[in-house]
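Trainee:
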Amino acid sequence: MSGRRGCFSPCGFSPRRSRNSTRVQPVAVPLSYESELVPCFEGEQAMGERNPTSWKYTWKITNFTSLTQKKYYSEVFTPGDNAWRILIFPKGNSVECLSIYLDTADSVRLPYGWSRSAHFRLILVDQNNNDYSRIKETEHDFTARESDWGFTSFIPLSELHDSRNGYLVNNTLTVVAEILGPQRPAENTQVAEPPANVPQATPIDTFDTYFTNLEEIINAAQSSPARGGSNTNNQRSALLTYEAPTLEEVEKAKLSLKECLSDIFKLNVKDRLAEAMSTLSIAKRGLSLDQQKSVKAFWANFDEFTSDFLTFEQDNAEFELQKLLKDQMFATMKKNHETHISYKQLLGELTKEEEELNKKLEEVKSRREKLISDWEILMVESEEAKSGHKGQEKKVAEAEEKKRIAEERMSRSTTAWSNLKMLFG
Numbered sequence: 363m364s365g366r367r368g369c370f371s372p373c374g375f376s377p378r379r380s381r382n383s384t385r386v387q388p389v390a391v392p393l394s395y396e397s398e399l400v401p402c403f404e405g406e407q408a409m410g411e412r413n414p415t416s417w418k419y420t421w422k423i424t425n426f427t428s429l430t431q432k433k434y435y436s437e438v439f440t441p442g443d444n445a446w447r448i449l450i451f452p453k454g455n456s457v458e459c460l461s462i463y464l465d466t467a468d469s470v471r472l473p474y475g476w477s478r479s480a481h482f483r484l485i486l487v488d489q490n491n492n493d494y495s496r497i498k499e500t501e502h503d504f505t506a507r508e509s510d511w512g513f514t515s516f517i518p519l520s521e522l523h524d525s526r527n528g529y530l531v532n533n534t535l536t537v538v539a540e541i542l543g544p545q546r547p548a549e550n551t552q553v554a555e556p557p558a559n560v561p562q563a564t565p566i567d568t569f570d571t572y573f574t575n576l577e578e579i580i581n582a583a584q585s586s587p588a589r590g591g592s593n594t595n596n597q598r599s600a601l602l603t604y605e606a607p608t609l610e611e612v613e614k615a616k617l618s619l620k621e622c623l624s625d626i627f628k629l630n631v632k633d634r635l636a637e638a639m640s641t642l643s644i645a646k647r648g649l650s651l652d653q654q655k656s657v658k659a660f661w662a663n664f665d666e667f668t669s670d671f672l673t674f675e676q677d678n679a680e681f682e683l684q685k686l687l688k689d690q691m692f693a694t695m696k697k698n699h700e701t702h703i704s705y706k707q708l709l710g711e712l713t714k715e716e717e718e719l720n721k722k723l724e725e726v727k728s729r730r731e732k733l734i735s736d737w738e739i740l741m742v743e744s745e746e747a748k749s750g751h752k753g754q755e756k757k758v759a760e761a762e763e764k765k766r767i768a769e770e771r772m773s774r775s776t777t778a779w780s781n782l783k784m785l786f787g
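For reference, each letter of the sequence shown is one residue, going 363 to 787 in my numbering.
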């Protein structure tokens, strides 16, 4: 990798359509980084005999947690005739997630009415295991109004900073932008008009296609069997131990143990049970031989016994949490699909009004454009919810497996509990 060190500046647009009318002047912030642009080829032809099929730009940022500005640009990289750069929000673009976008670096120099289509991937590299790298792929027509495009909720900040993951290693973050397909220069969309009498694809066609697919996902999720599980609310406690007990203390401990055994085991009686067991385990009198053996055997495995119940509680809670998150994302998809229907109806009303009220044509067009803009934002938010829903399905499956294992362990401990209960109950 050819490394370069220098400075880059935090500035730029928000995702999708910019909400700001002007750019913020860059504020130079010294930052160490390395970057590399590599062409990618397919087939057996020699590299010099053909054009690259894609370009891959790697941006490695050191001292990532020291970043203080809201936004940062990478240096400009130029695959073919087009200039690009990566835009990141280290602490999220108004969300608790790392936000990553691809930005048109030379938009201010392009002619009025320009557009540039791009098919690209944004990759957050797992530096410990590349198989776990986060990859998100999309296509977009970049214009002066939408000069950057990407993913506001690329990865939750909690996962990004989790030391068990490999996204931040030695406080270094690695982001890759892969531009797919041959690169064509920006076009001026104001020059050529579409041929007459030829149907043109409209934003509504895109919305209908997208939300039809979203409706299929919603219907499939509703028809799939629901996952469930029992709820157990327990609490951690600390063990208490005592010195050799008197006969009075032994009798008191036996009474306490019998009271504990009068019901199913719960972690909130752990302290009381531990106190009784620790007393009886060192008692010299007041217990039969069988009782002494049973108490000592149970006390020797007391930590494992309570750990089984605690593990089940934690894994069951994790399962319920992941299931709740999945249900929330599903609800978002369903709500957005319903909103899509209302938007579609509203669009029909606005179109009819546009035809009938020629004198108010400019006003109607303005409202229509606003609706299209909201629709585009809705589609992006729905795509993020759909991606999150897929990820949650995997997490729910993992949590369910952990819950199953915990139930098996709890079953073994319940048997031990029943045996002890038969002796003292």
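In this text, a Cβ means the ideal position worked out from N, Cα and C, and glycines have one as well.
Here the structure is a predicted model, which means the values were calculated and not measured.
Three-state secondary structure (DSSP) at T668?
Mentor: Position 306 of the sequence shown, counted from the first residue, corresponds to residue 668. If DSSP states are grouped into helix, strand and coil, T668 belongs with the helices.
Trainee: State buried or exposed for G512, treating a residue as buried only when at least 16 other CB atoms are found within 10 Å of its CB.
Mentor: In the sequence shown, residue 512 corresponds to position 150, counting from 1. So G512 ends up on the buried side.
Trainee: Taking the CB atoms as reference points, tell me whether F439 and T466 lie closer together than 7 Å.
Mentor: As a first step, residue 439 must be located in the sequence shown, where it is residue number 77. As a first step, residue 466 must be located in the sequence shown, where it is residue number 104. Not in contact: F439 and T466 (Cβ atoms no closer than 7 Å).
Trainee: Nearest to D493 by alpha carbon, out of I579, E718, A480, N527?
Mentor: Taking the sequence shown and counting its residues from 1, one reaches residue 493 at position 131. If we check each option's Cα against that of D493, N527 comes out closest.
Trainee: Between the C-alpha atoms of K697 and K732, what's the straight-line distance to the nearest angstrom?
Mentor: Numbered from 1 along the sequence shown, position 335 holds the residue referred to as residue 697. Numbered from 1 along the sequence shown, position 370 holds the residue referred to as residue 732. Their Cα atoms are separated by approximately 20 Å.
Trainee: When burial is assigned at 16 or more other CB atoms within 10 Å of the CB, is Q754 buried or exposed?
Mentor: On the sequence shown, residue 754 is found 392 positions in, with the first residue counted as 1. Classification of Q754: buried, given that the 10 Å Cβ count is 16 or more.
Trainee: Return the CA-CA distance between W417 and A445, expressed in angstroms with no decimal places.
Mentor: Reading the sequence shown from its first residue, position 55 is the one you call residue 417. Reading the sequence shown from its first residue, position 83 is the one you call residue 445. If you take the alpha carbons of W417 and A445, they lie about 12 Å apart.
Trainee: Cα-Cα, which of T574, E763, F786, D468 is closest to E682?
Mentor: Counting from 1 along the sequence shown, the entry for residue 682 is found at position 320. Answer by Cα proximity: E763.
Trainee: Identify whether H523 lies in helix, strand or coil by the three-state DSSP scheme.
Mentor: Taking the sequence shown and counting its residues from 1, one reaches residue 523 at position 161. Coil, per DSSP.
Trainee: So V457 and S515 are in contact, right, with Cβ under 8 Å, and what is the actual spacing, rounded?
Mentor: Numbered from its first residue, the sequence shown carries residue 457 at position 95. Numbered from its first residue, the sequence shown carries residue 515 at position 153. That belief holds up - the Cβ atoms of V457 and S515 are roughly 6 Å apart, short of 8 Å.
Trainee: Let's test the definition: count the other Cβ atoms within 10 Å of the Cβ of Q690 and tell me whether it reaches 16, buried, or not, exposed.
Mentor: On the sequence shown, residue 690 is found 328 positions in, with the first residue counted as 1. Result: exposed.
Trainee: Please specify which runs of the alpha helix (DSSP H), each continuous and at least 4 residues long, are wholly inside the region 487-526, giving them in chain order.
Mentor: Those alpha helix (DSSP H) runs which fall completely within the region 487-526 and span 4+ residues are 519-522.
Trainee: Using the rule of at least 16 other Cβ atoms within 10 Å of the residue's Cβ for burial, across every protein chain shown, is S479 buried or exposed?
Mentor: Taking the first residue of the sequence shown as 1, we reach residue 479 at position 117. Exposed is the call here.
Trainee: Are there 16 or more other CB atoms within 10 angstroms of the CB of D510, so buried, or fewer, so exposed?
Mentor: The count along the sequence shown starts at 1 and reaches residue 510 at position 148. Buried, because 16 or more other Cβ atoms sit within 10 Å of the Cβ of D510.
Trainee: If I follow the unbroken alpha helix (DSSP H) through K732, where does it start and stop?
Mentor: Here residue 732 refers to the residue found at position 370 of the sequence shown. Per DSSP, K732 belongs to the alpha helix (DSSP H) from 723-786.
Trainee: Does the Cβ of E700 have 16 or more other Cβ atoms within 10 Å, making it buried, or fewer, making it exposed?
Mentor: In the sequence shown, residue 700 corresponds to position 338, counting from 1. Exposed is the call here.
Trainee: Three-state secondary structure (DSSP) at E718?
Mentor: Position 356 of the sequence shown, counting from 1, holds the residue named residue 718. Correct three-state label for E718: helix.
Trainee: In whole angstroms, what is the alpha-carbon distance linking P557 and P441?
Mentor: On the sequence shown, residue 557 is found 195 positions in, with the first residue counted as 1. On the sequence shown, residue 441 is found 79 positions in, with the first residue counted as 1. Per-residue confidence for P557 stands at a pLDDT of 45, beneath the threshold of 50, marking its modelled position as unreliable; no derived number is given.
Trainee: Here's the rule: buried if 16 or more other CB atoms are within 10 angstroms of the residue's CB, otherwise exposed. What is K752?
Mentor: For the purposes of this step, residue 752 is identified with residue 390 of the sequence shown, where counting begins at 1. Its Cβ having fewer than 16 others within 10 Å, K752 is exposed.
Trainee: Measuring straight from C-alpha to C-alpha, what distance separates I450 and A539?
Mentor: For the purposes of this step, residue 450 is taken as the residue at position 88 of the sequence shown. For the purposes of this step, residue 539 is taken as the residue at position 177 of the sequence shown. Their Cα atoms are separated by approximately 12 Å.
Trainee: Within the continuous alpha helix (DSSP H) that includes R789, where are the two ends?
Mentor: Since the first residue of the chain shown is 363 and the last is 787, residue 789 is not available in this structure.
Trainee: Which residue comes first and which comes last in the alpha helix (DSSP H) that contains F660?
Mentor: Here residue 660 corresponds to residue number 298 of the sequence shown, with the count starting at 1. Segment 651-662, the alpha helix (DSSP H) holding F660.
Trainee: Along the alpha helix (DSSP H) that carries E437, what are the first and last residues, could you check?
Mentor: Here the question's residue 437 lines up with position 75 in the sequence shown. Careful: E437 lies outside any alpha helix (DSSP H) and carries neither H nor E.
Trainee: Can you grab the Cα-Cα spacing for the pair N425 / T776, in whole Å?
Mentor: Looking up residue 425 in the sequence shown gives position 63. Looking up residue 776 in the sequence shown gives position 414. So the two alpha carbons sit approximately 51 Å from each other.
Trainee: Please report how far the alpha carbon of L619 lies from the alpha carbon of L635, in whole angstroms.
Mentor: In the sequence shown, counting from the first residue as 1, residue 619 sits at position 257. In the sequence shown, counting from the first residue as 1, residue 635 sits at position 273. Computed Cα separation, rounded: 6 Å.
Trainee: Can you list, in chain order, the residues of its chain whose CB lies under 6 Å from that of G750, leaving out five sequence neighbours each side?
Mentor: Position 388 of the sequence shown, counted from the first residue, corresponds to residue 750. Closer than 6 Å at the Cβ level, and outside the excluded window around G750, lie M691.
Trainee: Terminal residues of the continuous beta strand (DSSP E) containing E540?
Mentor: As a working mapping, residue 540 is identified with position 178 in the sequence shown. E540 -> beta strand (DSSP E) spans 535-542.
Trainee: Report the rounded CA-to-CA distance for E680 versus A761, giving the unit in angstroms.
Mentor: Counting from 1 along the sequence shown, the entry for residue 680 is found at position 318. Counting from 1 along the sequence shown, the entry for residue 761 is found at position 399. Taking the straight line from one Cα to the other gives about 6 Å.
Trainee: Please report how far the alpha carbon of P377 lies from the alpha carbon of I739, in whole angstroms.
Mentor: On the sequence shown, position 15 is the one that residue 377 refers to. On the sequence shown, position 377 is the one that residue 739 refers to. Bear in mind that a pLDDT of 43 at P377, under 50, signals an unreliable position, so the model cannot answer this.
Trainee: Closer than 7 Å by C-beta to Q653: which residues in its own chain qualify, once you throw out the five before and the five after it? Chain order, please.
Mentor: Locating residue 653 in the sequence shown gives position 291, where the first residue counts as 1. Closer than 7 Å at Cβ, skipping near neighbours: L785.
Trainee: For the beta strand (DSSP E) containing S461, list its first residue and its last residue.
Mentor: Start at 1 with the first residue of the sequence shown, and residue 461 comes out as number 99. From DSSP, the beta strand (DSSP E) with S461 extends over 459-466.
Trainee: What residues are listed by DSSP as bridge partners for A693?
Mentor: As a position in the sequence shown, residue 693 is number 331, starting the count at 1. Its beta-bridge partners do not exist; DSSP assigns none.
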